[in-house]
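Working notes for the structure below.
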Amino acid sequence: MNKHEFGIEKPKNLKEEWPGQYEVFSWLEYVVNIPYPIFIITTYKANRKANANLWSWGFFAGEENGFYSLIALTDTTHTYKNIKRTKEWCINIPSLDFKEECFKTIEHNQVDDDEIAQAGFTEESSVCVHAPRIKECPISLECKFKWEKSLFKNSSQKIICGKIVHFGVDEKVVNLDQKARIEKLKIMYNFRSQLNPLTGELTSGGVSIIIDKSAFSN
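In structure tokens form, the structure reads like this:
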């Protein structure tokens with residue numbers, strides 16, 4: 000396999016989908032373009048209204064003494080401010096069946112909005128944290144704040160680590176084998192727009208799910 004080698008300096012001929020795109024996000028994100036699972040971070044605002052943040056910048060890691068969520072947040076977002084205040088949140092993993100409702104959370108993001116209800120979702124109570132859960136999401140992970148770190152000095156991007164203290168899984172999938180579970184959950188993945196680093200052209204991205212389950216064992 001021959002590889003085309005690139006430096007990390009941003010080329011001058013890159014096309015933007017919107018002004019400031021490569022200031023908010025690294026241009027490399029669109030070249031490497033690794034799909035990440037889509038989830039909704041839910042918190043309470045200071046006025047007790049539900050906040051719902053459709054997101055895909057995060058992952059999970061753990062060992063014997065704990066399972067942890069790490070998410071990257073911009074420090075100007077409502078979600079970041081809510082987490083700083085309450086130290087608790089939920090990560091809700093939605094199904095493709097609720098794609099429309101997921102994207103409606105982006106439309107309803109004012110301080111007085113109930114972002115769960117106005118998107119067409121149903122709020123349910125958490126078990127161990129002061130944060131709402133989304134009833135329609137087949138997986139909900141309740142998190143408590145452990146630490147925060149800037150991506151680099153003076154960065155607006157913050158890495159937030161939370162310990163998962165409780166989780167709920169749809170009873171219809173919890174006892175299924177791997178293939179059946181993947182098929183039933185229909186977890187969505189965020190495919191960013193694809194940037195050609197040689198031409199600077201962008202191809203629109205989108206949302207997808209796993210449909211080829213041949214890689215999973217019987």
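The numbering of the sequence shown is numbering that gives the first Met the number 0, which starts it at 0 and goes up by one. For every residue, glycine included, the Cβ atom is placed at its ideal position computed from N, Cα and C. Here the structure is a predicted model, which means the values were calculated and not measured.
- For the 8 Å CB-CB criterion, E147 and K14 do not form a contact.
- In the three-state scheme derived from DSSP, where H, G and I count as helix and E and B as strand, W54 is classed as strand.
- Apart from sequence neighbours up to five positions away, the residues of its chain that approach S139 with a beta-carbon distance below 6 Å are C89, N91, R132, G167, ordered along the chain.
- Nearest neighbour of K11 by Cα position, chosen from W26, W56, I158, A130, turns out to be W26.
- Straight through space, the alpha carbons of Q193 and K162 are spaced by roughly 33 Å.
- The C-beta distance from T104 to I209 rounds to 23 Å, too long to meet the 8 Å contact threshold.
- For A179, there is no enclosing beta strand (DSSP E); the enclosing alpha helix (DSSP H) covers residues 177-184.
- The beta carbon of N189 sits closer than 8 Å to the beta carbons of P34, Y35, P36, I37, S55, G204, V206 from its chain, once the five residues preceding and following it are set aside; these are given in chain order.
- Going by C-alpha positions, D111 is about 42 Å away from D176.
- CA-CA distance, F66 to A60, rounds to 6 Å.
- With a 10 Å radius around the Cβ and a threshold of 16 neighbouring Cβ atoms, E16 comes out exposed.
- As the crow flies, the alpha-carbon of K152 is around 42 Å from that of E182.
- Under DSSP, the beta-bridge partners assigned to K148 are I158.
- Going by DSSP, N91 is part of the beta strand (DSSP E) stretching over 87-92.
- Beta-bridge pairing by DSSP links G205 to F190.
- For C142, the secondary structure class from DSSP, reduced to helix, strand or coil, is strand.
- Shown here, L27 sits in a helix according to DSSP, grouped into three states.
- Sixteen is the threshold: since fewer than 16 other Cβ atoms of the shown chains lie within 10 Å of the Cβ of P18, the residue is exposed.
- Rounded to whole angstroms, the Cβ separation of C142 and V128 is 7 Å, and the two are in contact under 8 Å.
- Residue burial annotation: A51 is buried, with at least 16 other C-beta atoms found within 10 angstroms of its C-beta.
- Linking D96 to N174 through their CA atoms gives a straight-line distance of about 21 Å.
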